[in-house]
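A.B. asks:
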Amino acid sequence: QLQASGGGLVQPGGSLRLSCDASGSIGSAGWYRQAPGNQRDLVARIAGGLSTNYADSVKGRFTISRDNAKNTVYLQMNSLKPEDTAVYYCNADIWTRGSGFLNYWGQGTQVTVSS
């Protein structure tokens, strides 16, 4: 139902764009990340009405956006730091006929920031 992509290895200060493709119409959606030994934490969320919220650690560097025509959510990550290294997961409410919006997690994509 959710397919995340776009992770990789990047040097500090670099940029990456993550994509999350959904199998249907998306309501609220977000990106989370989990570093080894840590819990999964919110990075950014975007509501159906386009309001957004961000973790303090990424404000001003990351931007979440969505393309409703493509059922896709993006996370543009700029000025990346080594501490941004984690597996990034997308999460979204997807419209399902007969059931309404159901919440799903994507499979995760690795982001490594290192020189």
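Residue numbering for the sequence shown follows the numbering used here, beginning at 294 and increasing consecutively. Note that the Cβ used here is the ideal one computed from N, Cα and C, for glycine as well.
Which word fits Thr-345, buried or exposed, when buried means at least 16 other C-beta atoms lie within 10 angstroms of its C-beta?
C.D. replies: Exposed is the call here.
A.B. asks: Going by beta carbon distance, what residues of the same chain come within less than 6 Å of Tyr-347, once the five residues before and after it are set aside?
C.D. replies: Cβ within range, chain order: Ala-337.
A.B. asks: My output table needs one value for Asp-377: the three-state DSSP class, helix, strand or coil.
C.D. replies: Of the three classes helix, strand and coil, the one that applies to Asp-377 here is helix, per DSSP.
A.B. asks: Closest to Asn-396 by C-alpha separation, out of Gly-306, Val-303, Leu-309 and Ala-315, would be which residue?
C.D. replies: Closest option to Asn-396, Cα to Cα, is Ala-315.
A.B. asks: How many angstroms separate the CA atom of Val-406 from the CA atom of Gly-391?
C.D. replies: In a straight line, the C-alpha of Val-406 is about 42 Å away from that of Gly-391.
A.B. asks: Starting from the C-beta of Gln-403, find all residues in its chain whose C-beta is less than 7 Å away, skip the five residues before and the five after it, and write them out in chain order.
C.D. replies: Around Gln-403: Gly-300 and Val-380.
A.B. asks: Do you know offhand how far Leu-311's Cα is from Gly-330's?
C.D. replies: So the two alpha carbons sit approximately 23 Å from each other.
A.B. asks: On the DSSP bridge assignment, give the partners of Asp-386 in chain order.
C.D. replies: Bridge partners of Asp-386: Asn-396.
A.B. asks: Can you tell me whether DSSP reads Arg-338 as helix, strand or coil?
C.D. replies: DSSP places Arg-338 in strand when its eight states are reduced to three.
A.B. asks: Spatial neighbours of Asn-361 within its chain, please: CB distance less than 8 Å, with the 5 preceding and 5 following residues excluded, ordered by chain position.
C.D. replies: Excluding positions up to five away in sequence, the list reads Ser-318 and Ile-319.
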